[in-house]
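**Q** Got a structure here, written out as C-alpha cells. Questions coming.
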Amino acid sequence: MAVGARSGHDEPEDRPDTPESVQPAGTTAGRTESDGDSPSSGSTARKKPRSFWKELPLLIGIALVLALLIKTFLVQAFSIPSDSMQNTLQRGDRVLVDKLTPWFGSEPERGEVVVFHDPGGWLENTPAAKPNAVQKFLSFIGLMPSAEEKDLIKRVIAVGGDTVECKTNGPVTVNGKALDDKSFIFEGNTACNDEPFGPIKVPKGRIWVMGDHRQNSLDSRYHQELPGGGTVSTDEVVGRAIVVAWPVNRWATLPIPKTFDQPGLNAAVAMAPGALGFAGAVPLVLWRRRSRAVPARQK
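For the sequence shown, my numbering assigns the number 132 to the initial residue and increments by one for each residue that follows.
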C-alpha cells in the first residue's frame, strides 16, 4: 500500500543505491541549510524579527529609566524664575546642573553658580507652583525642571573658612582681597550699597552666596537673622550650573570669573598652618639653644 500523496507523475522514487542519493556529510539532498523551510532545520532557521510596535514599549521603558538615572546622578534641568542673576542668566533660561561631582565629595568653589534647596525661610513668601500631571511626569524624569521644589540659584562668593565683607561704595572682599565683579554683575549695579555687610567668617561646610543682579537679589545678605547667619550648608547644594541649554540663542557655558583665581585669595587660610608652625618652632629653638649653653658654662 502506498503511503502519502503522490504528485501525479509516475516518476521513480530515489533509492539508496542511486547516485543522486549519495550526498556529502552534513548536507541535505535537493536543498541547502539556508533554505530554512525544512521542519528538521531547527535552530538553523532564521527567526522572524519582532515588530517595531512590539519593541516600542521596551524602548520607551529603557529611555525612561535612563532619563531618571541621569536626572538623579548626572545632570538636571532647572528653570530661572527671577531676574536675580542678570545678566548672567535671564528669566526663563534653562540651565543644566552638574549633580555628579558632589557624589565624589566635591565642594562648591568661589565663583561657581550653584543651585541649592531653600535653607529655610528664604522663599517663605513665594507662592508654590501648581503643575499639571504632564508637567509632574516630565519633571520626575528630568525633562522639565521641578515646579514644586523650592530651589534657588546664586553665585558662590565665599566658602568655609573665608572672611567676606562689603562696605558702602566698596568692593566685596574675600580674605582681604577685593573682587573685580564688573565682568559678571548687572550693569549699573554697585557691589553692595543696597545691603552692606561684614566682616563675616563663613563656617566650615557652608557658603556665602550673592546674586549677580545685586540690587534685585535677596541673597545671603538679607538672611543674616536666620540660622546660619545667611550662609548655606553645602549639604543643601544640588550642584553647579554648567551651561545655559535653552533657548538656543542663549546657549553659553558658565565659567568661573578670573577674579576668583587671583593670587593671594587663599592667603589667609594658607598662612594659618604656617603661622602655627612658626609659633611652635620658636620655643623649640630657644630650648635647644639653652640646653647647649648650660654645659658650656659648667666647663
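The beta carbon of each residue, even a glycine, is placed where N, CA and C say it ideally should be.
Check S351 in the structure and name its three-state DSSP category.
**A** Within the sequence shown, the letter at position 220 stands for residue 351. DSSP, reduced to helix, strand and coil, places S351 within a helical segment of the structure shown.
**Q** Does DSSP classify K230 as helix, strand or coil?
**A** Stepping through the sequence shown from its first residue, residue 230 is reached at position 99. Secondary structure of K230 (DSSP, three-state): coil.
**Q** Inspect the beta-carbon positions of E240 and V290 and report whether they are closer than 8 Å.
**A** As a position in the sequence shown, residue 240 is number 109, starting the count at 1. As a position in the sequence shown, residue 290 is number 159, starting the count at 1. Cβ distance < 8 Å, so E240 and V290 count as in contact.
**Q** Once DSSP output is grouped into helix, strand and coil, what is the label at S152?
**A** Residue mapping note: residue 152 aligns to position 21 of the sequence shown, counting from 1. With a pLDDT of only 45 at S152, under the threshold of 50, the placement of this residue in the model should not be trusted; the figure read from the coordinates follows. Reduced to three states, the DSSP call for S152 is helix.
**Q** Enumerate in chain order the residues of its own chain whose CB-to-CB distance from N300 is below 8 Å, with the five nearest sequence positions on each side excluded.
**A** As a first step, residue 300 is located in the sequence shown; it is residue number 169 there, counting from the start. T321, N324.
**Q** Could you check what DSSP says for K281 in three-state terms: helix, strand or coil?
**A** Numbered from 1 along the sequence shown, position 150 holds the residue referred to as residue 281. It is coil, neither helix nor strand.
**Q** Are three or more beta carbon pairs between the stretch 390-399 and the stretch 305-320 nearer than 8 Å?
**A** Yes, since at least three Cβ pairs between the stretch 390-399 and the stretch 305-320 fall closer than 8 Å, the two stretches touch.
**Q** Check V333 in the structure and name its three-state DSSP category.
**A** As a position in the sequence shown, residue 333 is number 202, starting the count at 1. In the structure shown, V333 sits in coil (DSSP, three-state: anything other than H, G, I, E or B).
**Q** With V287 and V295 assumed to form a contact (beta carbons below 8 Å), what rounded beta-carbon distance in angstroms separates them?
**A** Locating residue 287 in the sequence shown gives position 156, where the first residue counts as 1. Locating residue 295 in the sequence shown gives position 164, where the first residue counts as 1. The C-beta distance from V287 to V295 rounds to 11 Å, too long to fall under 8 Å, and the pair is not in contact.
**Q** Taking 8 Å as the threshold (C-beta atoms), are D343 and T219 in contact?
**A** The residue you call residue 219 lines up with position 88 of the sequence shown. The residue you call residue 343 lines up with position 212 of the sequence shown. A contact, by the Cβ cut-off of 8 Å.
**Q** Just to confirm before moving on: does the CB-CB distance between P250 and E367 stay below 8 Å?
**A** For the purposes of this step, residue 250 is identified with residue 119 of the sequence shown, where counting begins at 1. For the purposes of this step, residue 367 is identified with residue 236 of the sequence shown, where counting begins at 1. The answer is yes: Cβ separation under 8 Å.
**Q** Do you know how far the Cα of R352 is from the Cα of R225?
**A** One-based indexing of the sequence shown puts residue 225 at position 94. One-based indexing of the sequence shown puts residue 352 at position 221. A direct Cα-Cα distance of roughly 26 Å separates R225 from R352.
**Q** How far does the beta strand (DSSP E) with F209 in it extend, from its first residue to its last?
**A** Here residue 209 refers to the residue found at position 78 of the sequence shown. From DSSP, the beta strand (DSSP E) with F209 extends over 206-210.
**Q** Can you tell me whether DSSP reads V245 as helix, strand or coil?
**A** Position 114 of the sequence shown, counting from 1, holds the residue named residue 245. Here V245 sits in strand by DSSP.
**Q** Near D214, which residues of its chain fall below 7 Å by C-beta distance, leaving aside the five closest residues on each side in sequence?
**A** Counted from its first residue, the sequence shown places residue 214 at position 83. The beta carbon of D214 is closer than 7 Å to those of R222, H344, N347 in its chain, skipping five residues each way along the sequence.
**Q** Would you identify the three-state DSSP class for D293, choosing helix, strand or coil?
**A** Here the question's residue 293 lines up with position 162 in the sequence shown. If DSSP states are grouped into helix, strand and coil, D293 belongs with coil.
**Q** Of the residues F247, V340, L283, which one's Cα is nearest the Cα of D293?
**A** Position 162 of the sequence shown holds residue 293. The candidate whose alpha carbon is nearest that of D293 is V340.
**Q** If you draw a straight line from the alpha carbon of D168 to that of W184, how long is it in whole angstroms?
**A** Within the sequence shown, numbered from 1, the residue matching residue 168 stands at position 37. Within the sequence shown, numbered from 1, the residue matching residue 184 stands at position 53. Note that D168 scores 48 on pLDDT, short of 50, meaning its location in the model is unreliable; the coordinates nonetheless yield the value given after this. C-alpha separation (whole angstroms): 27 Å.
**Q** Give me the DSSP bridge partner(s) of W339.
**A** If you number the sequence shown from 1, residue 339 lands on position 208. DSSP output for W339 lists A289 as bridge partner(s).
**Q** Assign T365 to buried or exposed, taking buried as 16 or more other Cβ atoms, counted over all protein chains shown, within 10 Å of its Cβ.
**A** By one-based count along the sequence shown, residue 365 stands at place 234. Buried.
**Q** Would you give the residue range spanned by the beta strand (DSSP E) that W253 belongs to?
**A** To locate residue 253, count along the sequence shown from 1; it is residue 122. Taken as a continuous stretch (DSSP letters only), W253 belongs to no beta strand (DSSP E), as it is neither H nor E.
**Q** Cα separation between H248 and S182?
**A** Looking up residue 248 in the sequence shown gives position 117. Looking up residue 182 in the sequence shown gives position 51. If I take the Cα positions, the gap works out to 46 Å.
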